[in-house]
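Inspection log for the structure reproduced underneath, given as structure tokens.
Number of protein chains: 2
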Amino acid sequence: MTSTMGVAIIGGGLFVKGSHLPAVLECELFSLKAIYSRSLKSAQETANLIPDSVPQPDLYSEDSGAGKSYQDILQRDDISAVIIALPILSQPSFIEAALSAGKHVLAEKPIAKDVSAARALIANAQRICSSTKATLAIAENIRFFPSFAYAASEAAKLGKVHNFSVRVLWRIEPDNKWYNTTWRQKPDYQGGFLLDAGVHWAAATRLLLTGDENKPETVQAFTAQMCEHLPPIDTVNAIIKTQSGATGVFQNSAGSLLQAFEWSFSYEKGTIKIAGETVTVQPAGGEEHVKEFTRTNGVSEEVAAWAQSIVDGKVNPLQTPEQALADLEFVEKMFTSGDENGSTQKYELL
Amino acid sequence: MTSTMGVAIIGGGLFVKGSHLPAVLECELFSLKAIYSRSLKSAQETANLIPDSVPQPDLYSEDSGAGKSYQDILQRDDISAVIIALPILSQPSFIEAALSAGKHVLAEKPIAKDVSAARALIANAQRICSSTKATLAIAENIRFFPSFAYAASEAAKLGKVHNFSVRVLWRIEPDNKWYNTTWRQKPDYQGGFLLDAGVHWAAATRLLLTGDENKPETVQAFTAQMCEHLPPIDTVNAIIKTQSGATGVFQNSAGSLLQAFEWSFSYEKGTIKIAGETVTVQPAGGEEHVKEFTRTNGVSEEVAAWAQSIVDGKVNPLQTPEQALADLEFVEKMFTSGDENGSTQKYELL
Numbered sequence: 001m002t003s004t005m006g007v008a009i010i011g012g013g014l015f016v017k018g019s020h021l022p023a024v025l026e027c028e029l030f031s032l033k034a035i036y037s038r039s040l041k042s043a044q045e046t047a048n049l050i051p052d053s054v055p056q057p058d059l060y061s062e063d064s065g066a067g068k069s070y071q072d073i074l075q076r077d078d079i080s081a082v083i084i085a086l087p088i089l090s091q092p093s094f095i096e097a098a099l100s101a102g103k104h105v106l107a108e109k110p111i112a113k114d115v116s117a118a119r120a121l122i123a124n125a126q127r128i129c130s131s132t133k134a135t136l137a138i139a140e141n142i143r144f145f146p147s148f149a150y151a152a153s154e155a156a157k158l159g160k161v162h163n164f165s166v167r168v169l170w171r172i173e174p175d176n177k178w179y180n181t182t183w184r185q186k187p188d189y190q191g192g193f194l195l196d197a198g199v200h201w202a203a204a205t206r207l208l209l210t211g212d213e214n215k216p217e218t219v220q221a222f223t224a225q226m227c228e229h230l231p232p233i234d235t236v237n238a239i240i241k242t243q244s245g246a247t248g249v250f251q252n253s254a255g256s257l258l259q260a261f262e263w264s265f266s267y268e269k270g271t272i273k274i275a276g277e278t279v280t281v282q283p284a285g286g287e288e289h290v291k292e293f294t295r296t297n298g299v300s301e302e303v304a305a306w307a308q309s310i311v312d313g314k315v316n317p318l319q320t321p322e323q324a325l326a327d328l329e330f331v332e333k334m335f336t337s338g339d340e341n342g343s344t345q346k347y348e349l350l
Numbered sequence: 001m002t003s004t005m006g007v008a009i010i011g012g013g014l015f016v017k018g019s020h021l022p023a024v025l026e027c028e029l030f031s032l033k034a035i036y037s038r039s040l041k042s043a044q045e046t047a048n049l050i051p052d053s054v055p056q057p058d059l060y061s062e063d064s065g066a067g068k069s070y071q072d073i074l075q076r077d078d079i080s081a082v083i084i085a086l087p088i089l090s091q092p093s094f095i096e097a098a099l100s101a102g103k104h105v106l107a108e109k110p111i112a113k114d115v116s117a118a119r120a121l122i123a124n125a126q127r128i129c130s131s132t133k134a135t136l137a138i139a140e141n142i143r144f145f146p147s148f149a150y151a152a153s154e155a156a157k158l159g160k161v162h163n164f165s166v167r168v169l170w171r172i173e174p175d176n177k178w179y180n181t182t183w184r185q186k187p188d189y190q191g192g193f194l195l196d197a198g199v200h201w202a203a204a205t206r207l208l209l210t211g212d213e214n215k216p217e218t219v220q221a222f223t224a225q226m227c228e229h230l231p232p233i234d235t236v237n238a239i240i241k242t243q244s245g246a247t248g249v250f251q252n253s254a255g256s257l258l259q260a261f262e263w264s265f266s267y268e269k270g271t272i273k274i275a276g277e278t279v280t281v282q283p284a285g286g287e288e289h290v291k292e293f294t295r296t297n298g299v300s301e302e303v304a305a306w307a308q309s310i311v312d313g314k315v316n317p318l319q320t321p322e323q324a325l326a327d328l329e330f331v332e333k334m335f336t337s338g339d340e341n342g343s344t345q346k347y348e349l350l
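Going line by line, the protein sequences match chains S and W.
The numbering of the first sequence is UniProt numbering, which starts it at 1 and goes up by one.
The numbering of the second sequence is UniProt numbering, which starts it at 1 and goes up by one.
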């Protein structure tokens, strides 16, 4: 007899090993019952990271034979929730199967490969959940970074945005650990790293464009592939206009020798700058407040918030599929604009 | 009997007092013979800044009566060159009159209020100069900043540009010294401060986009007026595509609470960053070289280069009207795009 909920982790990638697993082990509302990966080897590698002092989960995989498939996890009564962290194109069918089995789902971002697939997923999920009473949450750990959460709460006090710039620049080299998975090297979906990582920067940017008048309305972008090993594109540069007519830029490159992780926003009543782990807030005419944050990726906070939302019976507002859809639309419209040499794209969902 | 050339300064504004006057006094090739301003009071104020040890120039103005007009300066045989630093809309007629009188001219940027007026000026100047043998140079002091000159020479070694960002953000408050002239408060020309100061940032950006393949080809921009006291616009955010297909952003605001003076460029073979007076060059895979420059506005270097060019009989390549025209086009195409909600504009002159 236990008061915890049984949870399974679906996926055995780097992020599962480094972030989801410790977050689940840390969460007092959960007990980890199962791990699934495509290969037993990968599931075992993940399980090997669990301290001996903790009850060990059962392992499932495509190559484990009868009674050890993904469907078998979904039939377990002692598992009420699953975290799904698979390659982008595999996600929707795994999500729908889990929801159909009545399991609550936390699925990794992006919600799907494109807005159209995401809308189909949301429609299917709504239909399924109305009968199974399961819930779908989409993970976006950047909304749980303490730095961005603080910046978002400050942004809400500063009124109309005047102008802004977002600069996330780095170079994914061929020996990068995130690069060394086939699905990332030869992406069969738009944007490559600019989709996979880009939705994070979209989410962060949207946190700083709070309030109806600050919502992004129109975007135009140029895209480019500057590094041969980063198809289909590795660089996007966009201009954005908000509902109130303010303007800003969004720059993201996975193929740049420059290094930047910066959000700089000027509002009616002050400015907010995020650079790395440092957040600087300065009211107009007032003094700078500088806050240094410890580097954390927010996954522990995210998993804890999700567990609590299951207890509460209501998806956390920071984890709704609609938020994830808007993040996806934020970058997809840039890709579309870039494909069309900078055509004007209107945001519909934000 | 002297080996120096007689020069006159036309204008009595802040920049004349703070920069042109000391630059001329410092230049061994020149002797200052005359100062002209609209009012004698202003000409006198400028002259008051000249040390007693230096021969005092004659003063000319619109309110000084017979023999003391601008035309009277142009008739003096002991004056061979004039520096013209008047409000933007006044410049062309003063320039043409001086060239007609056979005087060499260094005229302040922007070359004119728009590309069309600049082309007319250049055509007129060519026609006039072919008979009078005078020469027309357009001032752009940023090309003589030691920091930008160094960055430009480094940029030329780094190959194809991959991506870039330019961020020049500040707030012109109503009590700003540059704001307190009628022609700047109620500009009768495009762009306001974004033209007047913007051509500097255009020139600096073009220095870092050296080589044919790196030339800006296409631009799209959103413009906005966020501060009531800064008509017609105070903010431009643009995306630029180069001949080779690389992309970058150009941000300029005179109405932002953010402060930035930054050029960040990634090329095939390394990066260059200019932030304030600091230039950082980093070859790909190599170490950063950081150079700190003393703050200077380059006007002494600019005036000395111009004087030397007169001696040499050939306009300095950094001071040709064509360079100034390209700087003007760089920003004008952004304003046009902004007026048309981000329409695609092709650069023709760069």
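Glycine residues also receive a C-beta, built at the ideal position from the N, C-alpha and C atoms.
- At a cut-off of 8 Å, the C-beta of Arg206 of chain W has no neighbouring C-beta in chain S.
- The Cβ atoms of Asn163 of chain S and Thr235 of chain W lie closer than 8 Å to each other.
- A residue is called buried once 16 or more other Cβ atoms fall within 10 Å of its Cβ, and His289 of chain S, having fewer, is exposed.
- Under DSSP, Asp58 of chain W takes part in a beta bridge, and its partners are W:Ala34.
- From the beta-carbon of Val199 of chain W, no residue of chain S is found nearer than 9 Å; the closest lies around 20 Å away.
- In the same chain as Ala260 of chain S, and ignoring 5 residues on each side of it, the C-beta atoms closer than 6 Å to its own belong to Arg167 and Leu169, in chain order.
- Taking 8 Å as the upper bound on Cβ-Cβ separation, chain W lies near residues His162, Asn163, Ser165, Arg167 and Leu169 of the stretch 159-188 of chain S.
- The stretch 111-187 of chain W contains, as complete alpha helix (DSSP H) runs of 4+ residues, the segments 115-132, 146-155 and 182-185 (chain order).
- Contact of Asn237 of chain W with chain S is assigned, a C-beta pair being separated by under 8 Å.
- Thr278 of chain W and Ser309 of chain S have their C-alpha atoms spaced approximately 50 Å apart.
- C-alpha of His104 of chain S to C-alpha of Pro321 of chain S: approximately 13 Å in a straight line.
- Segment contact: the stretch 19-34 of chain S against the stretch 298-312 of chain S, three or more CB-CB distances shorter than 8 Å; contact assigned.
- Ile79 of chain W places its beta carbon 8 Å or farther from that of Val16 of chain W.
- The C-beta of Ala123 of chain W has fewer than 16 other C-beta atoms within 10 Å across all chains shown, which makes the residue exposed.
- Under a 10 Å Cβ-count criterion, Lys109 of chain S is classified as buried, with 16 or more other Cβ atoms of the shown protein chains found around its own Cβ.
- The beta strand (DSSP E) runs of length 3 or more contained entirely in the stretch 272-340 of chain W are, from start to end of the chain, 278-283 and 289-292.
- Gly245 of chain W and Ala224 of chain S have their C-alpha atoms spaced approximately 7 Å apart.
- For Val7 of chain S, the enclosing beta strand (DSSP E) covers residues Met5 to Ile10.
- If you look at Thr344 of chain S, you'll find it isn't in any beta strand (DSSP E); DSSP assigns it neither H nor E.
- In the DSSP assignment, Pro216 of chain W falls outside any alpha helix (DSSP H) and within the unbroken beta strand (DSSP E) covering Pro216 to Ala224.
- Under the DSSP assignment, Gln243 of chain S falls outside any beta strand (DSSP E); it carries neither an H nor an E label.
- Taken through DSSP and simplified to helix, strand or coil, Ser93 of chain W comes out as helix.
- Across the set W:Ile274, W:Asp52 and W:Ile95, the C-alpha of W:Ile95 shows the shortest separation from the C-alpha of Tyr70 of chain W.
- When secondary structure is reduced to three states using DSSP, Ser53 of chain S falls in the coil class, being assigned neither helix nor strand.
- Between the stretch 329-347 of chain S and the stretch 170-186 of chain S there are fewer than three inter-stretch CB-CB distances shorter than 8 Å, so the stretches are not counted as touching.
- Excluding residues up to 5 positions away in sequence, Ile83, Ala137, Ala139 and Trp306 lie with their Cβ nearer than 6 Å to the Cβ of Leu106 of chain W in the same chain.
- Per DSSP, the unbroken alpha helix (DSSP H) holding Ala23 of chain S starts and ends at Leu21 to Glu26.
- Put simply, the backbone Cα of Trp263 of chain S is about 28 Å away from that of Ala85 of chain S.
- A direct Cα-to-Cα measurement between Ala275 of chain S and Gln251 of chain S gives close to 14 Å.
- For Ala202 of chain S, the enclosing alpha helix (DSSP H) stretches over residues Gly198 to Leu208.
- Close CB contacts of Ile142 of chain S within its chain, under the 6 Å cut and outside five residues either way in sequence, are with Phe148, His200, Ala203 and Ala204 (chain order).
- Within chain S, the residues whose beta carbon sits less than 7 Å from that of Ala284 of chain W are Leu257, listed in sequence order.
- Taking 8 Å as the threshold, the shortest C-beta distance from Ala224 of chain S to chain W falls below it.
- Between Lys68 of chain S and chain W, the shortest Cβ-Cβ separation is not below 8 Å.
- Cβ proximity to chain S below 9 Å picks out nothing from the stretch 96-113 of chain W.
- Residue environment for Pro231 of chain W: exposed (fewer than 16 other C-beta atoms within 10 angstroms of its C-beta).
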